[in-house]
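Below: one structure, written as C-alpha cells.
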Amino acid sequence: MSHPQSLPSLSDREAITDTVHRALLGFDRNDVPLFNSAFIAAQERMLFSMNEKEIHGLAAVRSQLLDFVGPMDTTHMISNVRIELKEGAETAKLNCYALAQHCPAGTGRDGAGKKYLAASEYWIDVVKEGGDWRIEKWVMKVIWTQGDVEVMQRPS
1 MSHPQSLPSL SDREAITDTV HRALLGFDRN DVPLFNSAFI AAQERMLFSM NEKEIHGLAA
61 VRSQLLDFVG PMDTTHMISN VRIELKEGAE TAKLNCYALA QHCPAGTGRD GAGKKYLAAS
121 EYWIDVVKEG GDWRIEKWVM KVIWTQGDVE VMQRPS
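Residue numbering for the sequence shown follows the UniProt record's numbering, beginning at 1 and increasing consecutively.
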C-alpha cells in the first residue's frame, strides 16, 4: 500500500510533523519519492547530522543512509514532538524522540531474528516551500541502543 506525499487539510503544526513522518516512512518502505518529498527543493543545501557526523546534500543522504536502511525491515516512530513556530512564519523547528527498529531484509517477523533498536533525539529545521513544509536540517543524536550491532554493519 502506498502513502500519499501530501495530506490536505492539515494545520501547519500537523504538516510539520507529517514532514518527518514522510521521511521516516520513506526509510521504512524504501520509498524514494516519498522520502524526497520531505526535503527542500535545493537538495544540495540539505544537511543531515548523526552523532556529529555530517552528510551534506540529499543525494549523499540517500546513498549513505536510505540505500542501506531502506531495504531493511524497519520501523521508525517519533514521540514527544515539540514545534517552535511563530504565526505566519515560513520556518520552524521540531524536536522529538525516536525509536527505530532495524532487521535484515525479510527477517523482521522472525521473533528470534537479529534486531537492532536505537533511541534518538531529533532536532529538525523545516521551511515552507510552495505551501509544503520540508526538511532543511536534521540533527540526530543516538541516546541508547540495544540488540545486534551487526545488523547496522554494511557488507564488505
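No residue lacks a Cβ here, since even glycine has one placed at the ideal position from N, Cα and C.
Within 10 angstroms of its Cβ, does H56 collect 16 or more other Cβ (buried), or is it exposed? By the beta-carbon neighbour count (other beta carbons within 10 angstroms, threshold 16), H56 is exposed.
Within the same chain, show all residues whose beta-carbon is closer than 6 Å to that of L58, passing over the 5 residues directly before and after it, in chain order. Within the same chain, L58 has close Cβ partners F39, Q43, M46.
Residues that DSSP places opposite H76 in a beta bridge: Looking at the DSSP output, H76 shares a beta bridge with A100.
Secondary structure at H21, three-state DSSP: helix, strand or coil? Helix.
Mark W138 as exposed unless 16 or more other C-beta atoms lie within 10 angstroms of its C-beta, in which case mark it buried. That one is buried.
Taking G88 as the reference, give the member of G131, Q5, S156 with the closest Cα. Ranking the options by Cα distance to G88, first place goes to G131.
Quick check on the burial criterion: 16 or more other C-beta atoms within 10 angstroms. Buried or exposed for A92? A92 is buried by the Cβ-count criterion.
Anticipated Cβ contact below 8 Å, A100 with M72, distance rounded: With a beta-carbon spacing of about 10 Å, A100 and M72 fall beyond the 8 Å limit used to define contacts.
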